[in-house]
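Notes for the one structure printed next.
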Amino acid sequence: GAGVSQSPRYKVAKRGQDVALRCDPISGHVSLFWYQQALGQGPEFLTYFQNEAQLDKSGLPSDRFFAERPEGSVSTLKIQRTQQEDSAVYLCASSYQRAPGETQYFGPGTRLLVL
Amino acid sequence: DQQVKQNSPSLSVQEGRISILNCDYTNSMFDYFLWYKKYPAEGPTFLISISSIKDKNEDGRFTVFLNKSAKHLSLHIVPSQPGDSAVYFCAASSNIYNTNAGKSTFGDGTTLTVKP
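These protein sequence lines are chains A and B, in that order.
Here my numbering = 1-based position in the first sequence + 126.
Here my numbering = 1-based position in the second sequence + 2.
Pasting the structure below:
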């Protein structure tokens, strides 16, 4: 079946602009994660959903970052008033259930460049 | 402070030889460890994992070893193939009953180049 998809794949934003990044997880996957990956670094956790419930948002760097998953499937990560330090690849991952070491399936990411 | 560290940014090996990628962690709450492989312009792909109750897990050419006392794990690829050339990320997660369960903490990756 189809994997995790993300859109747009690339986004260039002017500083101060709001952006919305979309994630379509694998159908039936309960868990959904957002990660931020800066150049030359590993992915860093942002937030986690179990169905529509946002259970952990401890990784969101500021209140300019907001994520939602209203119907328990598609998720949107919104960044308000973007700053240059927000430039990164934003990865979405989903997994079937919340279990120790459960494999997370990653999307290709959205590369955000803030000028 | 970084809880998962991959101290070698890059590794180059000859085709057919063994590749050994290393990873160290500091958080004793981690009890599940995973290796992901990443090609350019793609998301990470799960490769192999190990639970803290084991010290070795093998899947074909890939073996992961865990040394809990040293808080160290390694990924062995043998024999290495040119198609294995990619960035390898080590990741760690904690028990499901922990409030932070589910999320993974990643190292910064090691770029493996396998030369024909």
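Glycine is no exception: its CB is placed at the ideal position from the N, C-alpha and C atoms.
Contact with chain B by residue i, beta-carbon distance below 8 Å
i: residue 166 (chain A); result: yes
i: residue 191 (chain A); result: no
i: residue 182 (chain A); result: yes
i: residue 230 (chain A); result: yes
i: residue 187 (chain A); result: no
Within-8 Å CB hit, residue i to chain A
i: residue 57 (chain B); result: no
i: residue 107 (chain B); result: yes
i: residue 26 (chain B); result: no
i: residue 91 (chain B); result: yes
Same chain, Cβ closer than 6 Å to residue i, five either side skipped, listed in chain order
i: residue 183 (chain A); result: 173
i: residue 147 (chain A); result: 203, 216, 236
i: residue 76 (chain B); result: 22, 24, 67
Segment limits, beta strand (DSSP E) that includes residue i
i: residue 146 (chain A); result: 145-150
i: residue 139 (chain A); result: 136-139
i: residue 79 (chain B); result: 74-79
i: residue 239 (chain A); result: 236-240
i: residue 65 (chain B); result: 64-69
Proximal chain E residues relative to residue i, where beta-carbon distance stays under 8 Å
i: residue 110 (chain B); result: Here chain E cannot be found, since the structure's protein chains are A and B.
_Does the structure place the stretch 8-20 of chain B close enough to the stretch 59-73 of chain B that three or more beta carbon pairs sit under 8 Å?_
Pairwise C-beta distances place the stretch 59-73 of chain B out of contact with the stretch 8-20 of chain B, as fewer than three of them are shorter than 8 Å.
Q) Using 8 Å as the threshold, is the stretch 203-220 of chain A in touch with the stretch 31-38 of chain B, meaning 3 or more CB pairs across them? A) Inter-segment contact for the stretch 203-220 of chain A and the stretch 31-38 of chain B is absent: fewer than three beta-carbon pairs are separated by less than 8 Å.
Next on the checklist: If the cut-off is 9 Å on Cβ atoms, which residues from the stretch 31-60 of chain B count as contacting chain A, listed in chain order?
Outcome noted: Listed by position along the chain: 33, 34, 35, 36, 38, 40, 43, 44, 45, 46, 47, 48, 51, 52, 53.
Count the CB pairs spanning the stretch 181-200 of chain A and the stretch 134-143 of chain A that are closer than 8 Å, and state whether there are at least three.
The stretch 181-200 of chain A, when compared against the stretch 134-143 of chain A, does not touch it at the 8 Å Cβ threshold.
Chain-ordered residues of the stretch 134-161 of chain A with a beta carbon less than 7 Å from chain B: Listed by position, the residues of the stretch 134-161 of chain A near chain B (Cβ gap below 7 Å) are 157, 159.
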